[in-house]
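Visitor: Right, I'll just put the structure down here and ask away after.
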Amino acid sequence: DAKTTQPPSMDCAEGRAANLPCNHSTISGNEYVYWYRQIHSQGPQYIIHGLKNNETNEMASLIITEDRKSSTLILPHATLRDTAVYYCILNFGNEKLTFGTGTRLTIIP
Amino acid sequence: NAGVTQTPKFRILKIGQSMTLQCTQDMNHNYMYWYRQDPGMGLKLIYYSVGAGITDKGEVPNGYNVSRSTTEDFPLRLELAAPSQTSVYFCASSYPGQGTDTQYFGPGTRLTVL
Chain P
86 DAKTTQPPSM
96 DCAEGRAANL
106 PCNHSTISGN
116 EYVYWYRQIH
126 SQGPQYIIHG
136 LKNNETNEMA
146 SLIITEDRKS
156 STLILPHATL
166 RDTAVYYCIL
176 NFGNEKLTFG
186 TGTRLTIIP
Chain A
21 NAGVTQTPKF
31 RILKIGQSMT
41 LQCTQDMNHN
51 YMYWYRQDPG
61 MGLKLIYYSV
71 GAGITDKGEV
81 PNGYNVSRST
91 TEDFPLRLEL
101 AAPSQTSVYF
111 CASSYPGQGT
121 DTQYFGPGTR
131 LTVL
């Protein structure tokens, strides 16, 4: 799987939109962009994934640039419970996920 | 559904002891995985299984063994515990299809080897 680059940490005010960037300039044509998050000491939790089109679900939105070299995860109205480490992962849809160190998002009251 | 369950939640071992970490899923997923996570690091894949009777090594398999006799269970065995195996262990399961694969994780087992 190709590598991703994420900022090590970010802060966001409670109630604001949290925008988490991810660079993946060497992404392959059939690789999906996955986002997981890990709240302190818990197992990772799936958030969303996409291939080419923008995606939205009840948790977040995923914006993928047209050249697919970067993406942004958007949490529309961040709450304190969204404080976590967020992982951007590329995957062909097979069985292996490669976790980097992610972005530590802190929601500030 | 309980999802993915792991036991025990915490364990302290002495060097050279052995133990089995249990993992069970009730979602009828055919794929199961074991990861370890060292402090401040991302998860690393130890072993995985694509179905009962089939297992394969991940990135860091040394010092561990697995078996998969049923769809539901995927135990991880540590034969001779070493301090380097102090970590948090996560089990996950998935049902890949149509080019996508969402993994569901258990709550983890925190292991300390002294």
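Just so you know, the protein sequences line up as chains P and A, in that order.
Take any residue in the first sequence, note its place counting from 1, add 85, and you have its number in the working numbering.
Take any residue in the second sequence, note its place counting from 1, add 20, and you have its number in the working numbering.
Just so it is clear, CB atoms sit at the ideal spot from N, CA and C, and this is done for glycine as well.
Since the model is a prediction, treat every value here as computed from it, not as a measurement.
1. Please list the partners that A:Leu63 has in chain P, where partner means a Cβ-to-Cβ separation under 8 Å.
2. Could you have a look at A:Arg130 and say whether DSSP puts it in helix, strand or coil?
3. Would you call the region 29 to 37 of chain A and the region 99 to 110 of chain P touching, i.e. three or more CB-CB distances under 8 Å?
4. Using the Cα positions of A:Thr106 and A:Leu131, report the straight-line distance between them to the nearest angstrom.
5. Report buried or exposed for A:Arg56, applying the criterion of at least 16 other Cβ atoms within 10 angstroms of its Cβ.
6. Have a look at A:Asn21 and A:Ser87 and give me their C-alpha separation to the nearest angstrom.
7. For the beta strand (DSSP E) containing A:Asp93, name the first residue and the last one.
8. Could you compute how far the alpha carbon of P:Ala98 sits from the alpha carbon of P:Ala145?
9. Would you tell me roughly how many angstroms separate the C-alpha atoms of A:Ser113 and A:Tyr51, rounded to the nearest one?
10. Using the C-alpha atoms, what's the distance from P:His134 back to P:Val118?
11. So, do the region 137 to 157 of chain P and the region 24 to 33 of chain A have three or more beta carbon pairs nearer to each other than 8 Å?
12. Leaving out five residues before and five after A:Lys64 in sequence, what residues of the same chain have Cβ atoms less than 7 Å from its Cβ?
Guide: This is what the structure gives:
1. Those within 8 Å of A:Leu63 in chain P are Pro129, Leu182 and Phe184.
2. strand
3. no
4. 5 Å
5. buried
6. 23 Å
7. A:Asp93 -> no beta strand (DSSP E), and no H or E assigned at all.
8. 17 Å
9. 5 Å
10. Spanning the two alpha carbons is a distance of roughly 5 Å.
11. no
12. Tyr55, Arg56, Glu79 and Val80
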